[in-house]
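To start, the structure itself, in structure tokens.
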Amino acid sequence: MAAVSAATRLHRRTLGIRRAFAPIAEARGFARGMLWTGAGLTLFFVVLAIFAPLISPYGFDQYEVGTHRFAQLAHPSHAHLFGTTVQSTDVLSRIVWGAQTELEVVALALAFGLVIGVPLGLFSGYFGGPLDRGSVLFMDAMFAFPPLLLAIVIAFLLGSSVNSGVLVAAIAITITYVPQYFRVVRNHVISVREEPYVEAARALGARPVTILRRYVFFNVVQNVPVIATLNAADAVLTLTALGFLGYGVQPTQGAEWGYDVSRAVSDAASGIWWTGTFPGLAIVLLVTGLTLLGEGLNETINPVLRRRVFTKVDFGAPSLEPSSEILEP
Amino acid sequence: MSSGAPILDVRNLRLWYGTRRGPVRAVDGVSLEIDAGDVLGLVGESGCGKSTLGRGILGLLPEGARADGEVLYRGRNLVTMSPRELRRLRGPELGLIFQEPMTRLNPLLRIEDHFRETLAQHDSKLTNREIRRRSLDTLGRMGIPPTRFRQYPHEFSGGMRQRIMIALALVLHPSLLVADEPTTSLDVIVEAQILRILADLKENFDTALLLITHNLGIVAEACDRVAVMYAGQIAEEGPARDVFADPQHPYTRELLRSTISLDTTELHSIPGAPPNLISPPSGCRFHPRCPDVMQVCPAQGPIETAPEPGRRVLCWLHGPEREIPAGGTERLERKELAVAEEA
Amino acid sequence: MGAQGPSLKRYALTRIALVFPMVFILLTLVFLLMRVAPGNPVSAALGGHVPPAVINQISRRLGYDKPVYVQYGDYLWDVARGNFGTTISDRRSVGSIILVNGAATLELTFFAMLVALVVGLLVGLVCGRFRDSPIDAGGRLFGIVVYATPVFFLGLLAQLVFGVWLNWLPTSDQASPITLALMKTHTNILFIDAIIDGNWGALWDVVQHLILPATTLGIVYGGVFIRLIRVNVIRTLKEDYIEAARARGINERSVVYRHAFKNALVPVITVVGLQLALLLGGAILTETEFNWPGIGHELYVYLQNRDYAAVQGIVVVFGLVVVLASIVIDFAAAFIDPRVRY
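Chains as they are written, first to last, in this note's numbering: chain A, 863 to 1191; chain B, 3 to 345; chain C, 89 to 430.
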């Protein structure tokens, strides 16, 4: 007999994960609409970000081509689809390059946040004790700060020592959101910990690490994509807010949509709308996309919110094939 | 027993839920009558459709469920009635009490508020004093003192909450009350109190009662008549004393034998499990589990007969003879049944 | 069972007692945070114009030369007495900043929260009642898109549309210069002050200046409430007592508005506390954009000036306000729901 093929082994290994996300295929109605619209929007920006050099007509701070300097505050036209800013940079290009900045920071922040918050929540929730109590108190104190305030202060403090604006913003956002990951994961772990099947495993002598890995993690991991996408949405908002106030990514390091809006505020008094409206819309679309994706996932995976599907009842329909164990020849 | 037209006349009622695998035939052709002031017990195993029937009579069906047939209350068909008219009947004419009293009262509203809402809904001209008087009167008959009128639900025990629920259902003097497993979640002593209240409904309130339960003992104590339900159909029906003394349907017999009492020396159970209501067994639905199964039973659905006046049964053992094909009454050997068949 | 009095009191004491360790951690966090940045806080705030000798003098006066743990002790002791420090760049006491600018932020935040609640309650309730209908879908989408709109962008749009194009409303400041000059100060909350004086012209002016910033801030955070209330209404409508009420013939509207709504509100009250933190954060942005003279705006200016002492003081105040507010809100929740007592 030949060894089990690699494909089959992979199939078996991933069965658990795949079963966890099976409900997505069964999504109906609004949840399904949200899920796919969100995925589409998000994908659109991801593509923009990855292929920015190919898609964008100009550089993010390019104000001339050769010796020809772009017009200042030009209306949207063929040459500049979204117009130009007071510094003669092309608005459309800054949108495209901005996508790269946003997603870069958010991806970093998500990674940091998950790597720190999830294990902390897992261990804290499962083992309890003084470590848990201390962590909870600490995280609760962090919650007392307006998240944006925290991010601003951290970005402000790090800005002088760390050179990369992207990194500064990512760290600021991470610190702001770790308490959320921690709390959600911890609460979930606690509720799973009390489940009968975990108790049974403990009674059978399973080591804590095994229990964590087999039962708890699997259960919790279902929630992570939802939390992550919703936090990504918040992270973008935080990042653009930082940019609006002048923190995080500096203008020399890359295009940032929030920063662009802040520059556009003074343009508004003169009735110039394109410098602020397009970056703003980009933010709205990206965050909406991420939120729809997260909410869509939440509705499909979370059984409490799922709706059972009902079919119409037809009283006149003929009976189904009769069944009987006794009618054997 | 009172004379006159029955207050509730259910005719060939079908209550089906639509699911992806096919309709669930929770109630599949049920007919019964209740006379004014009478107590009819409805017994059966879990999943036989009795709760659905109780709620369905009042028109309180869950989503995805549809009704067919007639439910005549004082001659008016509730199945075809508009939702608004039906709603107006609930309270003053029809009442329903539920199984879990702990969760059936709004925790943020006082008992007083519950009563005021119910009374004001159906008669907006009532004065506060009148509302209070009627509420306290009904509560008093349930043994709840007036001093507790303004308390919150969480301040009462389970038994008391059930009594409050009954009072709420009765305060408008409905003519028909449906009680869905009213004592299942209560302890035995409280259960006895509640049962006494329900048994005295006829005297105190002149209310007919449909008592739904899986506990045969309760039925024997409190009911005039009993209907035994199996797989969405009525297997047998008649005066309670007669049905228990001399059961006509094999299922009823088996149920009685399974009941544990002080005389029980050996445990008896009915083999198999309640059937799948999406695709029930062919012919007579009880045939896979019936100790007296005959050749005709899986082949054709039984026809209802009346072995005595006032009793009816749905079983081929009681004919009608002329409908049974030749050889149909021969015994049928049952194969071994798997114990945990999917219900 | 006891009456409401004693159990509410006991709950209050327990709740307040829990606050102290949290406040302590909060203060420590801020202290450590401010010491993270390199360099001398005095030189950072005063810039390069000031000779080193003067900087040392000021540092000594402000206590920056003492060992860290001594500074920590002094800091805690100061806060306990209500002294949140003094700014380095312009020698204002943080306390006075709170009184003057805090009032402006309070005014803004209060009305914004009002807008957020109204929007959230109305839309959330309707969505929950008509679950899965087009109305529900529309409401939810509205909530999502609105929250996805950064506060500052909505503010920009509002300024463009209502300020510049339509020219209906003012786009900056708390009130016009004339009003500010002529108004008498009582509480520093201009809205209330105008009412106290019976100065209706001033009140109208203040209201006009309030509309754009408060509405933009409120609508964005109203989006969050919509989602929350909708879910709560749906959950409540599944409860057993709802079915029981329907069985008594209570009409659907009463069922939703009297039973479901009130019960769905209880968790909302707790969330208002969390929302307050978010709202305060958003206020920083709104104040900066609309040139609203609140604490957020001051914070922004002091950050520009690298005035660490000012930033420390203001951040502490923000944190304490949120903690205090959450206590008050927990009380409100306990009051409404008789079951919630520790």
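Note that CB positions come from ideal geometry on N, CA and C, so glycine has one too.
Just so you know, these numbers come straight off a predicted model, no measurement behind them.
Quick one, which of A:1083, A:1128, A:1067, A:1088 has its alpha-carbon nearest residue 900 of chain A's?
-> A:1088
Original post:
Quick one: Cα of residue 43 of chain B to Cα of residue 298 of chain B, how far?
Top reply: Note on geometry: alpha-carbon atoms of residue 43 of chain B and residue 298 of chain B lie some 30 Å from one another.
8 Å Cβ cutoff, residue 396 of chain C in contact with chain B
no
Does the separation of the CB atoms of residue 1047 of chain A and residue 998 of chain A fall below 8 Å? no
Who are the Cβ neighbours of residue 306 of chain B in its own chain at under 6 Å, not counting the five residues just before and after it?
Excluding residues within five positions, the ones whose Cβ falls inside 6 Å are 314, 316.
CA-to-CA distance, residue 80 of chain B to residue 86 of chain B, given in whole angstroms
11 Å
Partners in chain B for residue 350 of chain C, counting only beta-carbon separations shorter than 7 Å: 110
- request: Would you mind telling me which residues of chain C sit closer than 9 Å to residue 1142 of chain A, beta carbon to beta carbon, in chain order?
  value: 237, 238, 240, 241, 242, 244, 245
Discussion item. Let's see if you can read the secondary structure: which residues bound the beta strand (DSSP E) around residue 33 of chain B?
Written reply: 24–36
The beta strand (DSSP E) enclosing residue 182 of chain B, as first and last residue numbers: 178–182
Exercise. Taking any Cβ of chain A, which residues in the segment 58–74 of chain B have a Cβ under 7 Å from it, in chain order?
Worked result: 65, 66, 68, 70
Q: Kindly indicate if chain C contains any beta-carbon less than 8 Å away from that of residue 106 of chain B.
A: yes
Where residue 90 of chain C sits in the DSSP three-state scheme: The pLDDT assigned to residue 90 of chain C is 38, lower than 50, so where the model puts this residue is not dependable; a value taken from the coordinates is nonetheless given after this. Residue 90 of chain C falls in the coil class under three-state DSSP.
Residues that residue 68 of chain B bridges to, as DSSP identifies them
B:18
Item to check | Spatial distance of residue 154 of chain C from residue 165 of chain C (CA atoms) | outcome: 15 Å
query = Is there at least one Cβ from chain C nearer than 8 Å to residue 331 of chain B's Cβ?
reply = no
Quiz item: Taking the alpha carbon of residue 192 of chain C as the point to measure from, which residue in C:381, C:392, C:386 has its own alpha carbon closest?
Solution: Sorting C:381, C:392, C:386 by C-alpha distance to the C-alpha of residue 192 of chain C places C:381 at the top.
ask   = Quick one: which chain A residues come within Cβ less than 7 Å of residue 20 of chain B?
value = 1172, 1173, 1174, 1175
Next item on the list: Could you check what DSSP says for residue 1002 of chain A in three-state terms: helix, strand or coil?
Entry: Here residue 1002 of chain A sits in helix by DSSP.
| task | Give the secondary structure of residue 100 of chain C by DSSP, where H, G and I count as helix, E and B as strand, and everything else as coil. | result | helix
Alpha carbon of residue 248 of chain C to alpha carbon of residue 237 of chain C, nearest angstrom: 16 Å
Counting Cβ pairs closer than 8 Å, one from the segment 1064–1082 of chain A and one from the segment 1003–1010 of chain A, do we hit at least three?
-> no
- In angstroms with no decimal places, state the Cα-to-Cα distance between residue 21 of chain B and residue 30 of chain B. 16 Å
* Quick one: which residues of the segment 193–218 of chain C get their C-beta closer than 9 Å to a C-beta of chain B? List them in chain order. => none
Check your understanding: Does the separation of the CB atoms of residue 184 of chain B and residue 97 of chain B fall below 8 Å?
Key -> no
ask   = Per DSSP, what kind of secondary structure is residue 345 of chain B in: helix, strand or coil?
value = Residue confidence for residue 345 of chain B is low, a pLDDT of 38 falling below 50, so the modelled location carries little weight; the figure read from the coordinates is stated next. Residue 345 of chain B: coil per DSSP, three-state reduction.
* Asked: Taking the beta strand (DSSP E) that residue 241 of chain B falls in, what are its first and last residues?
  -> Per DSSP, residue 241 of chain B belongs to the beta strand (DSSP E) from 235–241.
Report the option in A:1132, A:978, A:870 whose CA atom is closest to the CA atom of residue 1041 of chain A.
A:978
Just confirm the distance between the C-beta atoms of residue 213 of chain C and residue 317 of chain C, as a whole number of angstroms; I'd bet it's less than 8 Å.
-> 6 Å
Helix, strand or coil at residue 188 of chain B according to DSSP, with G and I counted as helix: Here residue 188 of chain B sits in coil by DSSP.
Rounded to the nearest angstrom, what separates residue 360 of chain C and residue 403 of chain C at their Cα positions? 20 Å
Do residue 207 of chain B and residue 222 of chain B have their C-beta atoms within less than 8 Å of each other?
no
task = Please state whether DSSP places residue 1187 of chain A in a helix, a strand or coil.
result = Low per-residue confidence applies at residue 1187 of chain A: pLDDT is 36, beneath 50, and the placement is therefore not dependable enough to give any value.
Locate the alpha helix (DSSP H) running through residue 211 of chain B, then write down its first and last residues. Taken as a continuous stretch (DSSP letters only), residue 211 of chain B belongs to no alpha helix (DSSP H), being part of the beta strand (DSSP E) at 210–215.
Report task. Could you name the residues of the same chain whose beta carbon sits closer than 7 Å to that of residue 163 of chain C, not counting the 5 residues immediately before and after it, in chain order? Result -> 119
Buried or exposed for residue 1072 of chain A, please, with buried defined as at least 16 other CB atoms from any protein chain shown within 10 angstroms of its CB. exposed
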